[in-house]
Amino acid sequence: MTGLHLRHWPGDADRPALALHCMMGSGSSWGPIAAELSGRIDLRGFDMPGHGRSDDWQPDADGPDYHTAVTRLAAAMIDRPLDLIGHSFGATVALRIAVAAPEAVRSLTLIEPVLFAACPDPAQDALDAQMAALLDQGRDAEATAAFLSVWGAVPPRIGAAMLRQIRLVAGTGDALRHDSARILRDGGLEQVDAPVLLIQGADSPPVIRGIADALASRLPDVGRAVVPGAGHMAPLTHPQQVAGLIAVNLDRA
């Protein structure tokens, strides 16, 4: 696609890194974390289609789904082994890349990956059903508020960008709930030989721990960390702590 907004926080040229943000966020969320890492890595990122300063997502009936499109954009930015970091939806993209091309990943940090297929959850199923019903009725603001009440913070005013993005969120079910990308296929996670760190907020929805448990049981070299006082948006609310944990994983690679 055209109109993809790229971001770069310069650092050690011998330590390239790529960071992938959450849905309804933007690449700017990595700025405070990059500052905390003080140039230790040469960090790049981008605003996913329909987010930040990038163009809106234009789905094509003959084209890839959103998860696949973002994965291809990210993979195209990798030309040598790097440190790969992802949050929420971005973490599922990072994991997909690591499973498909483990040789491209030096270290993998996954913050609150929302790969619900790894741990089916009745509460998430109920939220998805509620959102679908509201969107079918054209009640996009209410669907956005319902989503953010669980996975973020409901702002005083839900703007036009969020109303567009909530339909992107609703369209990720095949990838996140049904694993259409086959991230969980037999033998896939087991071939990720880079050091992996799974980070979660202490106050996150319970399904996050279940997902992390499922992934950790299959990854060969994995660490776990919990950020006290943080929820799902830990990279934004607790950048110093998250950056410190990322640095720990960098030391392992």
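The sequence shown begins at 425 in the working numbering and counts up by one.
For every residue, glycine included, the Cβ atom is placed at its ideal position computed from N, Cα and C.
Please read these numbers as outputs of a predicted model, since none were measured by experiment.
Quiz item: What separation, rounded to the nearest whole angstrom, lies between the Cα atoms of residue 442 and residue 462?
Solution: The sequence position of residue 442 within the sequence shown is 18, counting from 1. The sequence position of residue 462 within the sequence shown is 38, counting from 1. Computed Cα separation, rounded: 15 Å.
Quiz prompt | Which residues DSSP lists as bridging residue 647, in chain order | solution = One-based indexing of the sequence shown puts residue 647 at position 223. Partner(s): 621.
Practice problem: Figure out for me which residue from 501, 448, 528, 473 has the closest Cα to the Cα of residue 488. | Solution: Along the sequence shown, one-based indexing puts residue 488 at 64. Checking every option, the nearest Cα to that of residue 488 belongs to 473.
Quiz item: Would you call the stretch 538-554 and the stretch 617-634 in contact, with 3 or more CB pairs under 8 Å?
Solution: yes
Quiz item: Buried or exposed: where does residue 620 fall if 16 or more other Cβ atoms within 10 Å of its Cβ makes it buried?
Solution: One-based indexing of the sequence shown puts residue 620 at position 196. Under this definition residue 620 is a buried residue.
Self-check item: Rounded straight-line distance, which links the Cα of residue 606 to that of residue 539
Solution: One-based indexing of the sequence shown puts residue 539 at position 115. One-based indexing of the sequence shown puts residue 606 at position 182. Rounded to the nearest angstrom, the two C-alpha atoms are 11 Å apart.
Self-check item: residue 559 beta carbon less than 8 Å from that of residue 599
Solution: Sequence index remark: in the sequence shown, residue 599 carries index 175 (1-based). Sequence index remark: in the sequence shown, residue 559 carries index 135 (1-based). Contact flag unset, no.
Quiz prompt | C-alpha distance - residue 655 paired with residue 504, whole-angstrom precision | solution = By one-based count along the sequence shown, residue 655 stands at place 231. By one-based count along the sequence shown, residue 504 stands at place 80. Each residue's Cα considered, the two are about 33 Å apart.
Exercise. Within the stretch 581-639, note down every full alpha helix (DSSP H) run reaching 4 residues or more, in order along the chain.
Key: 584-594, 597-600
Practice problem: Report the option in 614, 635, 651 whose CA atom is closest to the CA atom of residue 669. | Solution: By one-based count along the sequence shown, residue 669 stands at place 245. For residue 669, the nearest C-alpha among the options comes from 651.
Exercise. Run the proximity test for residue 665: is its beta-carbon closer than 7 Å to any non-hydrogen atom belonging to the ligand COA?
Key: Among the ligands in the structure shown, none appear at all, so the ligand COA cannot be discussed.
Quiz item: Just how far apart, CA to CA, sit residue 571 and residue 493?
Solution: Counted from its first residue, the sequence shown places residue 571 at position 147. Counted from its first residue, the sequence shown places residue 493 at position 69. Using only the alpha carbons, I get a separation of about 23 Å.
Practice problem: Below 8 Å CB to CB, which residues in the same chain sit around residue 521 once its five sequence neighbours on both sides are set aside? | Solution: Mapped onto the sequence shown, residue 521 falls at position 97. Counting only Cβ-Cβ distances below 8 Å, and skipping sequence neighbours, we find 495, 498, 499, 502, 508, 528, 529.
Practice problem: Starting from residue 470, follow its DSSP beta bridges and name the residues at the other end. | Solution: Walking along the sequence shown from the start, residue 470 turns up at place 46. Answer by DSSP bridge pairing, in chain order: 430.
Practice problem: Measure the CB-CB distance between residue 616 and residue 644 and report whether it falls below 8 Å. | Solution: By one-based count along the sequence shown, residue 616 stands at place 192. By one-based count along the sequence shown, residue 644 stands at place 220. Yes. Within cutoff.
Quiz item: Taking just the CA atoms, how far does residue 478 sit from residue 453?
Solution: Your numbering for residue 453 matches position 29 in the sequence shown. Your numbering for residue 478 matches position 54 in the sequence shown. Cα to Cα, the separation comes out at about 15 Å.
Practice problem: Below 7 Å CB to CB, which residues in the same chain sit around residue 646 once its five sequence neighbours on both sides are set aside? | Solution: Stepping through the sequence shown from its first residue, residue 646 is reached at position 222. Same-chain partners within the cutoff: 620, 622, 640.
Quiz prompt | Identity of the residues DSSP links to residue 510 by a beta bridge | solution = On the sequence shown, position 86 is the one that residue 510 refers to. In the DSSP output, where bridge partners are listed per residue, residue 510 has 444, 534.
Quiz item: Do you know how far the Cα of residue 469 is from the Cα of residue 674?
Solution: Counted from its first residue, the sequence shown places residue 674 at position 250. Counted from its first residue, the sequence shown places residue 469 at position 45. Going by the C-alpha atoms only, they are around 17 Å apart.
Quiz item: In or out: residue 637 buried (at least 16 other Cβ within 10 Å) or exposed?
Solution: One-based indexing of the sequence shown puts residue 637 at position 213. The residue in question, residue 637, is exposed, as its Cβ has fewer than 16 Cβ neighbours within 10 Å.
Quiz item: Excluding five sequence neighbours on each side, which residues of the same chain lie with their C-beta closer than 7 Å to the C-beta of residue 476?
Solution: To locate residue 476, count along the sequence shown from 1; it is residue 52. Within the same chain, residue 476 has close Cβ partners 429, 450, 451, 452.
Quiz item: Can residue 678 and residue 466 be called in contact, C-beta distance under 8 Å?
Solution: No information on residue 678 is available, as it lies outside the stretch 425 to 677 that the chain covers here.
Exercise. Report the partner residues of residue 529 according to the DSSP bridge assignment.
Key: Here residue 529 corresponds to residue number 105 of the sequence shown, with the count starting at 1. Per DSSP, 506.
Exercise. To the nearest angstrom, report how far apart residue 586 and residue 614 are at their CA atoms.
Key: Taking the first residue of the sequence shown as 1, we reach residue 586 at position 162. Taking the first residue of the sequence shown as 1, we reach residue 614 at position 190. Taking the straight line joining both Cα atoms gives about 37 Å.
Practice problem: Classify residue 432 as buried or exposed, calling it buried when 16 or more other Cβ atoms lie within 10 Å of its own Cβ. | Solution: Numbered from its first residue, the sequence shown carries residue 432 at position 8. Residue 432 is exposed by the Cβ-count criterion.
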